[in-house]
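Position one of the sequence shown corresponds to residue 1 (this note's numbering), numbered consecutively onward. Have a look at the structure below, then the notes.
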Amino acid sequence: MKQVLSVLSIFLVSFSPVKTKKEVCVKNTLAIVRHEVVSISKNILTELKDGNAEKTWVVKEKKSGTVVLSQGIDHDGDALVDELIFEVTLGPNEVKEFVVSLGDETKSSPSALSTHSRLVPERIDDYAWENDLVAFRTYGPEAQRLVDEKQKGGTLSSGLDCWLKRVNYPVIDKWYKKYVDGGTYHKDDGEGYDPYHVGASRGCGGIGVWKNDSLYVSKNFVSSRRIAEGPLRNIFELTYAPWQADGSVVQETKRITIDLGEQLYKVEEIFSSDKRLPNITIGVTLHEKAGKVTVDERQGLFSYWESLDDSELGTAVIINPADVISHSDFRTKKKDLSQLYIIAKPQSGLTYYTGYAWKKAGAITSSEEWVNYLSTFSKRLNTPLTVTFK
């Protein structure tokens, strides 16, 4: 009898229905419209797996049945999805329900908009990244080698450069091809261009250590690793050779996450040092020092709005106010060294957001609009969407 029961138990377990759907309730508790990315962790996803690796995740709005844009992310490189993200648009205080399933249902149409990043060996190892609104780059090992060996064409900087775009499709590959073919991305042919000067500055959101009235910084990154790329999110890491900060040896890795539809991207600084550091300082260049600085310490908002060629540009840093020691509107006659400094507490991991808005792109056209966008961005960070599962 016991053998019969055991066999029956195995039979029931083997053929019990596997749950392949999960309802997700997303609530906006702010009185503003929000277009954001919602994340579903691996723990939730494992409840829905059915052993068929060929099937894909599908996210639908429950009420309309509309398939929404989603992206699976493999954080550890084992070819399995560790996180599923999907886009939502919610009105003020709105609640929407979605259904996540693993099956062969119709996917959403491919998006013309996307995120993108890559190492650019054809341009002395730049690393460039973009979404539908903004684009950036920083400088790699080949650019440093040329400087170290006193050859032409190199760049020695760990500052972050803004590429000003005014189209919503990817431009990085197109602009670098223009460069390879003998053209230039420093001239605007209708899509945008690179007029932003970094030089010895931190550019837009680069970091260092402020001590004894000097900013200590790394040289160029030495290696890069792209973790995720897709229509909604791009993640990559840049690692730097150990660098000196007034006698301290600093180890640094920078993880960058850029989402579709955002003017700012996320920076996670991973730090260690052989001696305690006094701070980690984020810089925004002030260029000709003729622009407008706006600071709201309560919101962790640090902004600069300036004229640039025949248009205007806003740059900024948003950071958790609890992480900030102080800030400094630092002005000097030395070239490239006038900067807005955000001096943060020394810690092994520091997170902040940085980016820009270009007037010619049309979405944000004044300093007031820029600060309003940043204020709303800060509120969104402080009040995340509420996500519950059924």
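We put the CB at the ideal spot given by N, CA and C, even for glycine. Bear in mind that the values here come from a model prediction, so they are computed numbers and not experimental data.
Linking residue 155 to residue 81 through their CA atoms gives a straight-line distance of about 38 Å.
Exposure of residue 47 is indicated by the presence of fewer than 16 other C-beta atoms within 10 angstroms of its C-beta. Under the three-state reduction of DSSP output, residue 142 falls in the helix class. The closest CA to that of residue 86, considering only 188, 327, 261, is found on 261. Judged by DSSP in its simplified three-state form, residue 119 adopts strand.
If you draw a straight line from the Cα of residue 292 to the Cα of residue 308, it is about 13 Å long. About 16 Å separates the beta carbon of residue 337 from that of residue 218, a gap too long to meet the 8 Å contact definition. If you look at residue 96, you'll find it in the beta strand (DSSP E) that goes 95 to 103. Here the stretch 171 to 182 does not lie against the stretch 222 to 242, with fewer than 3 beta-carbon pairs under 8 Å apart. Excluding sequence positions up to five before and after residue 327, its CB lies within less than 8 Å of the CB of 295, 297, 302, 340, 341, 342, 343, all in the same chain and listed in chain order. Within the stretch 247 to 296, the runs of beta strand (DSSP E) at least 3 residues long that lie entirely inside it are, in chain order, 248 to 259, 264 to 273, 280 to 285, 292 to 296. When 316, 312, 330, 351 are compared, the shortest CA-CA separation from residue 365 is found for 312. Shown here, residue 381 sits in a helix according to DSSP, grouped into three states. With a 10 Å radius around the Cβ and a threshold of 16 neighbouring Cβ atoms, residue 389 comes out exposed. By the Cβ rule, the stretch 261 to 281 does not count as touching the stretch 143 to 158, because fewer than three pairs are nearer than 8 Å. Excluding residues up to 5 positions away in sequence, 119, 140, 141, 142, 143 lie with their Cβ nearer than 7 Å to the Cβ of residue 125 in the same chain.
In the DSSP annotation of this structure, the continuous segment of the beta strand (DSSP E) that includes residue 234 starts and ends at 233 to 245.
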